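Residue numbers (the numbering used here): 725 to 788.
Virtual Cβ for every residue (Gly too), placed ideally from N, Cα, C.
Source: prediction; values computed, not measured.
Structure first, commentary second.
Have a look at this one:
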């Protein structure tokens with residue numbers, strides 16, 4: 725795992741702690757705003773973070 729992926733997972737964990745069940749709504753709002761602003765660099769980063777959140781949620785379901 726490279727530094728960007730590690731950072732994405734750390735941010736994903738923070739977002740899950742902060743937003744809980746509303747994390748998907750938060751992420752979609754963030755991505756929609758970046759899409760509207762045409763901020764491709766940030767949009768790309770937030771797609772990676774969204775994927776990290778999905779992977780963390782899936783791993784939690786698998787462990788339970």
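Original post:
Does DSSP put residue 766 in a helix, a strand or coil?
Top reply: In this structure, DSSP gives residue 766 a helical state, which the three-state scheme calls helix.
**OP:** Rounded to whole angstroms, what's the CA-CA distance from residue 725 to residue 739? Just pull it up for me.
**Re:** Their backbone Cα atoms lie some 20 Å apart in a straight line.
Subject >> Cutoff 8 Å; reference residue 729; Cβ partners in own chain excluding five residues on either side >> reply: Cβ within range, chain order: 772, 776.
Subject >> Residue span of the alpha helix (DSSP H) that contains residue 727, given as start and end >> reply: For residue 727, the enclosing alpha helix (DSSP H) stretches over residues 727-743.
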